[in-house]
Each structure stands twice: as C-alpha cells, then as structure tokens.
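**Q** When we follow the numbering used here, the leftmost residue of the sequence shown carries the number 184, and every step to the right adds one. Please see the structure below; I have some questions.
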Amino acid sequence: MTFGPEDFRQKIDVSRETLDRLRHYVRLLLDWNDRLNLIGASTIPDLWRRHIWDSAQVLDLVPGWRNASPPLRWLDIGSGAGLPGLVVALMGGGEVHLVEKSPKKCLFLRTVIQETQASAQVHEGRIEELKLPPIDVITSRACAPLPKLLTLAQPFFGPNTIAALHKGQNVEEELTAATKSWKMQVEIFPSATDPRGRLLRVKGVRRA
Ligand SMILES: C[S@@+](CC[C@H](N)C(=O)[O-])C[C@H]1O[C@@H](n2cnc3c(N)ncnc32)[C@H](O)[C@@H]1O
C-alpha cells in the first residue's frame with residue numbers, strides 16, 4: 184500500500200487545512216516535474232514519505248516551533264522544489280527564506296507560495312551572495328557535504344541559531360571532516376523515513 188496523505192497525518196499532527204495545502208503543493212510538484220525534474224521519477228510513487236514526511240520531520244528537531252512568538256525565521260539552503268523549506272512553511276513553521284540558484288525552480292517556488300499563501304519568500308541566486316540577519320533555524324537537504332554547508336551557513340548563525348540538517352549514510356565521515364575547521368555541538372538523530380538517513384541538530388558553530 185502506498186504511503187499517502189492520510190498516512191502522513193497519522194505520523195505528524197496537522198490540521199485538515201494544512202493537509203489540503205500540502206496536497207495542493209504536491210499537485211503542483213507533480214504537474215511541474217515533467218518540465219523541471221524537481222524530484223527523481225523513481226521517488227514519485229512514495230512521494231508523501233520520501234519528500235513530504237521526510238521534510239516535515241525537521242520540525243521535530245526544533246522544540247517549541249508551534250508556539251514561538253514572534254514566529255521563527257528559517258533559512259533553507261538549496262531549496263530545489265522547496266524541500267524541506269516549503270513544507271516547513273506550509274506546516275506553519277514560521278517565516279521561511281528559500282534560497283535557490285536555479286531561476287526555473289524559483290519560478291516554481293513562487294508559484295506555490297502564491298497559490299498556497301505559504302509564509303515563505305524566495306531568494307533567487309547563490310547563498311554566497313545572500314545577506315540576511317541571523318536566522319533561528321537553518322535547514323538544507325542534499326545540497327552540500329557538511330564542511331561546505333557549514334561554510335555557506337556560517338554568516339547566518341547567531342548565538343541561538345540551530346541547524347537542522349538532513350544527512351545520509353556518510354554523516355560520520357562528514358562530521359570528521361567538518362571538525363577540522365569547525366567547533367560545534369552536534370546531536371545525531373535517525374531519519375523516520377529512511378533507514379540510512381540521519382538528521383543533525385547543530386548549535387554553537389564557530390571556526391576551530
Ligand atoms: C540536489 S538539489 C536538492 C534540492 C532539495 N533541497 C531537495 O532535497 O530536494 C540541490 C539544490 O541546491 C541548489 N544549489 C546548489 N548550490 C547552491 C548555492 N550555492 N546557492 C543556492 N542554491 C544552490 C541547486 O540548484 C539545487 O536545486
């Protein structure tokens with residue numbers, strides 16, 4: 184049996200309205216995917232697990248996100264189709280900044296935001312060029328290995344910033360490489376959706 188929106192709702196507590204917005208996003212994702220190759224064709228049959236639940240699980244790494252006042256400010260580096268940042272925005276995670284260098288993917292992201300009224304904005308261009316004040320939560324999935332990712336994320340770290348990062352089975356090697364240049368506190372969590380996947384919660388990032 185395919186994992187679908189109702190299965191997602193069993194895993195993550197979301198309102199009907201939020202689920203409808205996520206469904207709308209998924210419809211657009213499938214519609215645009217033929218032209219833009221936003222997600223791998225082989226992942227489409229299990230899209231709700233591989234992309235929506237996989238993205239939504241970053242919220243578990245951020246205690247108190249639902250009741251944060253003011254709403255949390257998020258930065259998603261290399262958003263692509265909006266994974267995980269747009270899912271976070273659609274779930275009401277706060278104000279999400281999506282950074283993506285591909286103009287076509289940015290057009291897709293803006294279309295979803297306009298149609299779903301997600302609390303997100305798109306920064307078209309390279310993260311290296313972006314200027315923003317420190318962010319509460321930094322996310323990134325499948326964009327860069329940890330040492331490079333920390334270099335890209337570092338300008339957006341304040342004293343209380345958390346990075347909630349999707350990582351794969353090479354996470355230990357990436358951590359070993361990263362600790363040559365960076366000091367930080369790291370917690371490693373198993374992915375709920377992928378037995379080989381890991382999530383990192385990183386705080387206190389500074390140069391070694
Ligand atoms: C493999 S895709 C992953 C997309 C999405 N995060 C996901 O998990 O499906 C990596 C994305 O990062 C974007 N990207 C890579 N380097 C970037 C940079 N320096 N600044 C902004 N976007 C970048 C690419 O254009 C691409 O869309």
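C-beta: ideal position from N, C-alpha, C; glycine also.
(1) Helix, strand or coil: how does DSSP classify K363 here?
(2) DSSP beta-bridge partners for F372?
(3) Looking only at its chain, what residues have a beta carbon closer than 7 Å to the beta carbon of F414, apart from the 5 residues adjacent to it on each side?
(4) With a CB to CB cut of under 8 Å and the five nearest residues on each side skipped, what residues in its chain are close to W257?
(5) Grab me the residues of R192's own chain with a C-beta within less than 8 Å of its C-beta, minus the 5 sequence neighbours each way, in chain order.
(6) DSSP state of L258, grouped into three classes?
(7) Less than 8 Å between the beta carbons of G380 and H349, yes or no?
(8) Please report the distance separating the alpha-carbon of A346 from that of V385.
(9) Roughly how many angstroms lie between the CA atoms of Q352 and G261, to the nearest whole one?
(10) Going straight from the alpha carbon of R309 to that of V282, what length do you get?
(11) Could you pull the DSSP bridge partners for V305 from this structure?
(12) Cα separation between I235 and V209?
**A** Taking the geometry as given:
(1) The residue labelled residue 363 in the question sits at position 180 within the sequence shown. The answer is coil: DSSP assigns K363 none of H, G, I, E or B.
(2) Translated into positions along the sequence shown, residue 372 becomes position 189. Per DSSP, L382.
(3) Because the chain here runs from 184 to 391, residue 414 falls outside it and cannot be looked at.
(4) By 1-based counting over the sequence shown, the position of residue 257 is 74. Here the set comprises G268, V271, A272, G276, G277, E278, V279, H280, I318, D319, V320, I321 and T322.
(5) By 1-based counting over the sequence shown, the position of residue 192 is 9. Once the five neighbours on either side are set aside, the close Cβ partners of R192 are L202.
(6) As a first step, residue 258 is located in the sequence shown; it is residue number 75 there, counting from the start. Here L258 sits in strand by DSSP.
(7) Residue numbering aside, residue 380 sits at position 197 when the sequence shown is read from its first letter. Residue numbering aside, residue 349 sits at position 166 when the sequence shown is read from its first letter. H349 is positioned such that its CB atom lies closer than 8 Å to that of G380.
(8) Taking the first residue of the sequence shown as position 1, residue 346 is located at position 163. Taking the first residue of the sequence shown as position 1, residue 385 is located at position 202. When rounded, the distance between both Cα atoms is 5 Å.
(9) Working through the sequence shown from its first residue, we reach residue 352 at position 169. Working through the sequence shown from its first residue, we reach residue 261 at position 78. In a straight line, the C-alpha of Q352 is about 20 Å away from that of G261.
(10) Counting from 1 along the sequence shown, the entry for residue 309 is found at position 126. Counting from 1 along the sequence shown, the entry for residue 282 is found at position 99. R309 and V282 have their C-alpha atoms some 7 Å from each other.
(11) Position 122 of the sequence shown, counted from the first residue, corresponds to residue 305. Residue pairing by DSSP puts V305 in a beta bridge opposite L281.
(12) In the sequence shown, the residue the question calls residue 235 occupies position 52. In the sequence shown, the residue the question calls residue 209 occupies position 26. Roughly 9 Å separates the two Cα atoms.
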